[in-house]
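Chains as they are written, first to last, in this note's numbering: chain A, 392 to 580; chain B, 378 to 644; chain C, 15 to 444.
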């Protein structure tokens, strides 16, 4: 259909390439606000850091807080539980890394590396397999064979240090970034 | 042309009210105060925002809420420019209705609402528990929430500024102000239930600005404009970039357009 | 004019695809080589502008719906707090959507006005025009539902007034109108149920619009574009391929349109909105002055110009549906107003009337013009305007079309273009 009197402009023409490139760039840049609008909002980010008061937690008891929409386990461990957890060598574990956001990534999964104060175990309550919340094992209602947590979705079994011992979970339960801001008060995130 | 005579009639009609005597049933048009946030490059005056926050906190907050504004906004870009630590301290100074405690109570033994210190995630707490309590404390009038006040009033910042500085004027002859109301020519109906909120020295600014009514009004209107339009600075900045880009693109397209159509007659 | 295809698949894959699903052929024939009259002017670029605006409204709308909550308690806060303050770029997407609705109507009115002026609705393009009017009605409904969603005072009372229009039918069948109004609202007053169904419809209708736009473009591509001369294309010498001639021209004017649009978005985001809509809906307090969005104002003025509610509602619906009959109301043999001196004048009076009606619609019912000692109540201007609106379509169009002495129409587009240099004193239009 091209008219013989006006030959079709050459594709190498710089002007057309520049115009096309500018238009494409514009559409690309305009897409960013739409993509970014799906990220967590400022209200969500403002909740990213929470404080928790641990003073009411009894030895052997676990309390669940909420952090970034996930359950956050805070367990006050008994000396017996600590001793049992310390007796395990990281080299015998399916996941030998501490997975502690407060330490380097290569820190080994010793029980000491899983806590800041041995009595208080703070964990993100999300199974590292597919994201279910594991059930805590207590004296009254034991769960699994390692005295920690059992995930009912696919049977991942964690010990009293939150380390994976048996089942499909590839990693130990994550320790979130947190710090003690008082004897029994922590800030998470 | 017929349209021309219509336009003429329209122009005359629009010009006509200017010759009329002052109509006391109508409010005065707001005075034009100059604002740093106007125009293509407009940004907020940080000092005015921080002073305005102080005026809001010390004066307005007794009756007016700011329920859409969160404490973390005070430290957000384009805002009053408080540091995160300062915003936290400000938040902690407010009492927020507490969540149920371990016993499930939200009231103490004496029936008072339990509170906790505010955090960055909290919003400014309302001054009254509900609208009924607000009316009961204000002669039956409901003080507006100020989160959107600048966008919710014709005239925006100029209107608010005129209103805040429009008290204590001489009441025109023949205009009766009802009991419990105050004359203010910028308010619709010219009689407002709000007592004059700002006085010389209502607050003390720590940056050396003298606390005149004008300065207080200017500061608090800047703060409330930010509360209504926290995105204004980003909007102006991105707007310039977008317009510059589009003008460039239009230029390129125009050259391409001329080149494509060269020699091809169009009308 | 759609003619036979000039598409030649070049690669093995495109040949394979072409025998199974000829989409490349479709795009090539309809949007690349499509023969387009070479004399289309600036006013013909609004079809592409409208397509882009519709896509933009849908994209921004889908993202907004991800953050919006359609309940009476939370709707206002989900817009003014969550979207405007918390969501990343939420303020931008919301402003694009709200100002975009107004800019879309600016383009719609120009597009329709261009059609009227150049007689683009005349045979063989009647269906094309009717589909366009259907799109206009669908857009108005969509915009109305969308305006409700912000749940500000204007949203709430606009929804109340519009849904109350149905009660006028009580004058025909007692209680039927009220029952209909209650059914539309799902409540005795506008409330949660109303908001939720309006949200659903506001999300649904745009996709119906996309479908009708598809039909509209189909109906355009069967006879091909009309043109400012209003004469048929005689052969290849009268046309150019759509690409690159019109792609680049439309892109240029689209960019100019976007510059104006972005000016509003970034520097006057509240230009098209009403301050009262920044106050949350309050079913117990009506704002002192309520008015619809600007693009509905002419119809609002007509509604208020008629003292009887039922008659007013009928006039309103009549005014909205009248354009559907235009292809048969216009009896002229000549399409373009360029060659119709009387119709051209009547057209511009019609445009002025619509603006006047819009002006009246924006003022209170008791407003008046003061010309010296004389007061002209605006409601009388609205009545005159309403009269002209209907007379223009139902009386002047059929009558003038038969009696008007038209100016000579050129033989062909190519001839007119060549002669243009000789005919300089052609009048004040492009």
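Yeah, the Cβ is synthetic: ideal placement off N, Cα and C, and Gly gets one too.
Count the other C-beta atoms from every protein chain shown that fall within 10 angstroms of the C-beta of residue 253 (chain C), then say buried if there are 16 or more, exposed otherwise.
Here the question's residue 253 (chain C) lines up with position 239 in the third chain. Its Cβ being crowded by 16 or more others within 10 Å, residue 253 (chain C) is buried.
Environment of residue 117 (chain C) [buried if 16+ CB atoms lie within 10 Å]
Here residue 117 (chain C) corresponds to residue number 103 of the third chain, with the count starting at 1. Under this definition residue 117 (chain C) is a buried residue.
Go through its chain and collect everything with a Cβ distance to residue 526 (chain A)'s Cβ below 7 Å, but skip five positions before and after it.
Here the question's residue 526 (chain A) lines up with position 135 in the first chain. Close CB contacts of residue 526 (chain A) within its chain, under the 7 Å cut and outside five residues either way in sequence, are with 534, 540, 541, 543 (chain order).
What does DSSP give as the partner residues of residue 473 (chain B) in its beta bridges?
Residue numbering aside, residue 473 (chain B) sits at position 96 when the second chain is read from its first letter. DSSP output for residue 473 (chain B) lists B:493 as bridge partner(s).
Looking only at its own chain, which residues have a Cβ that is under 8 Å from the Cβ of residue 496 (chain A), when we skip the five neighbours before and after it?
In the first chain, the residue the question calls residue 496 (chain A) occupies position 105. Counting only Cβ-Cβ distances below 8 Å, and skipping sequence neighbours, we find 488.
What's the call for residue 443 (chain B), buried or exposed, on a 16-neighbour Cβ count within 10 Å?
Reading the second chain from its first residue, position 66 is the one you call residue 443 (chain B). Residue burial annotation: residue 443 (chain B) is buried, with at least 16 other C-beta atoms found within 10 angstroms of its C-beta.
Based on the DSSP secondary-structure assignment, which residues constitute the bridge partners of residue 511 (chain A)?
In the first chain, residue 511 (chain A) corresponds to position 120, counting from 1. Beta-bridge pairing by DSSP links residue 511 (chain A) to A:467.
Own chain, CB closer than 7 Å to residue 15 (chain C), minus 5 neighbours either side, in chain order
For this step, residue 15 (chain C) is matched to residue 1 along the third chain. For residue 15 (chain C), the predicted structure reports a pLDDT of 42, less than 50, and the residue's modelled location is therefore unreliable. The matter cannot be settled from this model.
Which first and last residues belong to the alpha helix (DSSP H) in which residue 619 (chain B) is found?
As a first step, residue 619 (chain B) is located in the second chain; it is residue number 242 there, counting from the start. In the DSSP assignment, residue 619 (chain B) falls within the unbroken alpha helix (DSSP H) covering 609-638.
Beta strand (DSSP E) containing residue 260 (chain C): first to last residue?
Here residue 260 (chain C) refers to the residue found at position 246 when the third chain is read from its first residue. Neither: residue 260 (chain C) is in no beta strand (DSSP E) and is coded neither H nor E.
Out of C:114, C:367, C:341, C:145, which one is the CA nearest neighbour of residue 402 (chain C)?
Within the third chain, the letter at position 388 stands for residue 402 (chain C). The shortest Cα separation from residue 402 (chain C) among C:114, C:367, C:341, C:145 belongs to C:367.
Under 8 Å Cβ-Cβ, which residues of chain C neighbour residue 641 (chain B)?
Stepping through the second chain from its first residue, residue 641 (chain B) is reached at position 264. Ordered by position in chain C, the residues that pass the 8 Å Cβ test against residue 641 (chain B) are 52, 254, 259.
Between residue 634 (chain B) and the rest of its own chain, which residues show a CB-CB distance below 7 Å, the 5 nearest in sequence each way excluded?
On the second chain, position 257 is the one that residue 634 (chain B) refers to. So no residue of the chain qualifies.
Restricting to Cα atoms, I'd like to know which of C:68, C:258, C:56, C:80 is closest to residue 104 (chain C).
In the third chain, residue 104 (chain C) corresponds to position 90, counting from 1. Minimum Cα distance to residue 104 (chain C) is reached at C:80.
Would you mind reading off the limits of the beta strand (DSSP E) that contains residue 454 (chain A)?
By 1-based counting over the first chain, the position of residue 454 (chain A) is 63. Element bounds for residue 454 (chain A): 453-458.
Taking 8 Å as the CB-CB cut-off, is residue 95 (chain C) touching chain B?
Mapped onto the third chain, residue 95 (chain C) falls at position 81. Chain B, which has a Cβ nearer than 8 Å to the Cβ of residue 95 (chain C), makes this yes.
Chain-ordered chain C contacts of residue 405 (chain A) [CB-CB under 8 Å]
Locating residue 405 (chain A) in the first chain gives position 14, counting from the first residue. Under the 8 Å cutoff, chain C gives no residues; its nearest Cβ is about 15 Å from residue 405 (chain A).
Grab the span of the beta strand (DSSP E) containing residue 571 (chain A) for me, first residue to last.
Within the first chain, residue 571 (chain A) is the residue found at index 180, counting from 1. DSSP places residue 571 (chain A) in the uninterrupted beta strand (DSSP E) bounded by 569-573.
By DSSP's criteria, residue 383 (chain C) is part of a beta bridge. Which residues make up the other side?
Residue numbering aside, residue 383 (chain C) sits at position 369 when the third chain is read from its first letter. The partner list for residue 383 (chain C) (beta bridge, DSSP) reads C:390.
Go ahead and label residue 342 (chain C) buried or exposed: buried means 16 or more other beta carbons lie within 10 angstroms of its beta carbon, across all protein chains shown.
Taking the third chain and counting its residues from 1, the one referred to as residue 342 (chain C) is at position 328. So residue 342 (chain C) counts as exposed.
State yes or no: is the beta carbon of residue 582 (chain B) nearer than 8 Å to at least one beta carbon in chain A?
Residue 582 (chain B) sits at position 205 when you count from the first residue of the second chain. Contact of residue 582 (chain B) with chain A is not assigned, every C-beta pair being separated by 8 Å or more.
Contacts of residue 103 (chain C) in chain A (Cβ-Cβ under 7 Å):
Counted from its first residue, the third chain places residue 103 (chain C) at position 89. Neighbours of residue 103 (chain C) on chain A, chain order: 424, 427, 428.
Are the region 330-339 of chain C and the region 401-420 of chain C touching by the rule of at least three beta carbon pairs closer than 8 Å?
The region 330-339 of chain C, when compared against the region 401-420 of chain C, does touch it at the 8 Å Cβ threshold.
I'd like to know if residue 437 (chain C) contacts chain B, where contact means its C-beta is closer than 8 Å to some C-beta of that chain.
Walking along the third chain from the start, residue 437 (chain C) turns up at place 423. Its pLDDT being 48, under 50, residue 437 (chain C) is placed unreliably by the model, and the measurement read from it follows with that caveat. For residue 437 (chain C), the answer is no, since every Cβ of chain B falls outside 8 Å of its Cβ.
Quick one: any contact between the region 501-509 of chain A and the region 469-482 of chain A, if contact means 3 or more CB pairs under 8 Å?
Per the Cβ contact rule, the region 501-509 of chain A is in contact with the region 469-482 of chain A (3 or more Cβ pairs under 8 Å).
Distance between residue 439 (chain A) and residue 500 (chain A) (C-alpha atoms, nearest Å)
In the first chain, counting from the first residue as 1, residue 500 (chain A) sits at position 109. In the first chain, counting from the first residue as 1, residue 439 (chain A) sits at position 48. The alpha-carbon of residue 500 (chain A) is positioned some 26 Å away from that of residue 439 (chain A).
Could you check where the alpha helix (DSSP H) with residue 567 (chain B) kicks off and where it finishes?
The sequence position of residue 567 (chain B) within the second chain is 190, counting from 1. Neither: residue 567 (chain B) is in no alpha helix (DSSP H) and is coded neither H nor E.
Classify residue 166 (chain C) as helix, strand or coil using the three-state DSSP reduction.
Within the third chain, numbered from 1, the residue matching residue 166 (chain C) stands at position 152. Strand.
With burial defined as no fewer than 16 other Cβ atoms inside 10 Å of the residue's Cβ, what is the status of residue 418 (chain A): buried or exposed?
Taking the first chain and counting its residues from 1, the one referred to as residue 418 (chain A) is at position 27. Result: exposed.
Distance between residue 243 (chain C) and residue 251 (chain C) (C-alpha atoms, nearest Å)
Sequence index remark: in the third chain, residue 251 (chain C) carries index 237 (1-based). Sequence index remark: in the third chain, residue 243 (chain C) carries index 229 (1-based). Using only the alpha carbons, I get a separation of about 15 Å.
So, does the CB of residue 99 (chain C) fall closer than 8 Å to a CB anywhere in chain B?
As a working note, residue 99 (chain C) is residue 85 in the third chain. At least one chain B Cβ lies under 8 Å of residue 99 (chain C).
Rounded separation between residue 517 (chain A) and residue 407 (chain B) - CA only:
Residue numbering aside, residue 517 (chain A) sits at position 126 when the first chain is read from its first letter. Residue numbering aside, residue 407 (chain B) sits at position 30 when the second chain is read from its first letter. Rounded to the nearest angstrom, the two C-alpha atoms are 58 Å apart.
Cβ pair residue 197 (chain C), residue 128 (chain C) closer than 8 Å:
In the third chain, residue 197 (chain C) corresponds to position 183, counting from 1. In the third chain, residue 128 (chain C) corresponds to position 114, counting from 1. Here residue 197 (chain C) is not near residue 128 (chain C), since their CB atoms are 8 Å or more apart.
C-beta neighbour in chain A for residue 247 (chain C), strict 8 Å
The sequence position of residue 247 (chain C) within the third chain is 233, counting from 1. Cβ-Cβ to chain A under 8 Å: no for residue 247 (chain C).
Would residue 428 (chain A) be called buried (16 or more neighbouring beta carbons within 10 Å of its own) or exposed?
Locating residue 428 (chain A) in the first chain gives position 37, where the first residue counts as 1. When all chains shown are included, residue 428 (chain A) counts as buried.
Beta-carbon separation of residue 522 (chain B) and residue 447 (chain A) under 8 Å?
As a working note, residue 522 (chain B) is residue 145 in the second chain. As a working note, residue 447 (chain A) is residue 56 in the first chain. For the 8 Å CB-CB criterion, residue 522 (chain B) and residue 447 (chain A) do not form a contact.
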